[in-house]
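Before any comments, here is the structure.
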């Protein structure tokens, strides 16, 4: 994402990109039914390697470093993404993060590392790797067990029922909330579902003591808007307003 500065007459000017989303792994271990990449219309992932090859990872790091030097950036943010980035495994994440710290860090820019994960692979061993490189962790959670598991889970075998992931994510958040790992906790990402009561959803999220919560509208296009988005009412706005009021109170 670009860094934007505001001039004295309040016009925004683009200087240079200072956030980089690196998709270390192109697959996911969940089958969330609202996922545009794996469950809806984007099938480009089928022809890509599962894990970003080592040569590509090395090139990515050097290109980021070149960009930082060219634009004289003082701070950047590198976000590990996917798919599910933790599927790349502790060794790949360890190697990539160390490379970013070493090569991009040599530019004297402050480097922030983050990962956005579904939380199911956030084991003690993985947390130790993230801790070693001071990688902030954002976790996707859609509310309580019923709300979360309605969409976020594994597809059953032979057309069987979907298996929810809430229990695994809750256990991972408990590990993240310990004194040793707490400083890594970047926050929660919640996809809004109008079927989930906003107040109950908010309370379920803050029960995990996140430093922040981001609410994400479900994917939609003009041709295929998200459920409930038609008509003259603003159901998503109403939902978010109720969450805001609960937070403000």
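In the working numbering, the protein residues as written are 431 to 679.
Backbone N, C-alpha and C define an ideal beta-carbon position, used for all residues, glycine too.
Annotated as distal: residue 666 and residue 581, with beta-carbon spacing of 7 Å or more. Residues of the same chain with a CB within less than 8 Å of the CB of residue 598, apart from the 5 flanking positions on each side, are 549, 550 in chain order. Cβ-Cβ distances below 7 Å link residue 596 to 575, 578, 579 in the same chain, with the five nearest sequence neighbours on each side left out; the list follows chain order. Judged by DSSP secondary structure, residue 505 falls outside any alpha helix (DSSP H) and instead within the beta strand (DSSP E) spanning 505-511. Beta bridge pairing from DSSP links residue 481 with 455. For residue 566, the enclosing beta strand (DSSP E) begins and ends at 565-570.
In the DSSP annotation of this structure, the continuous segment of the beta strand (DSSP E) that includes residue 544 starts and ends at 540-547.
The straight-line gap separating the alpha-carbon atoms of residue 555 and residue 593 is approximately 24 Å. Taking one beta carbon from each stretch, the stretch 618-626 and the stretch 482-500 have fewer than 3 pairs nearer than 8 Å; the two do not touch. Note on residue 456: 16 or more other CB atoms within 10 angstroms of its CB, so buried under the neighbour-count rule.
Contact between residue 571 and residue 618 holds, since their C-beta atoms are separated by about 5 Å, short of 8 Å. With respect to the C-alpha of residue 560, the residue from 583, 527, 644, 569 having the closest C-alpha is 527. Counting along the chain, residue 675 sits inside no beta strand (DSSP E); it lies in the alpha helix (DSSP H) bounded by residues 665-678.
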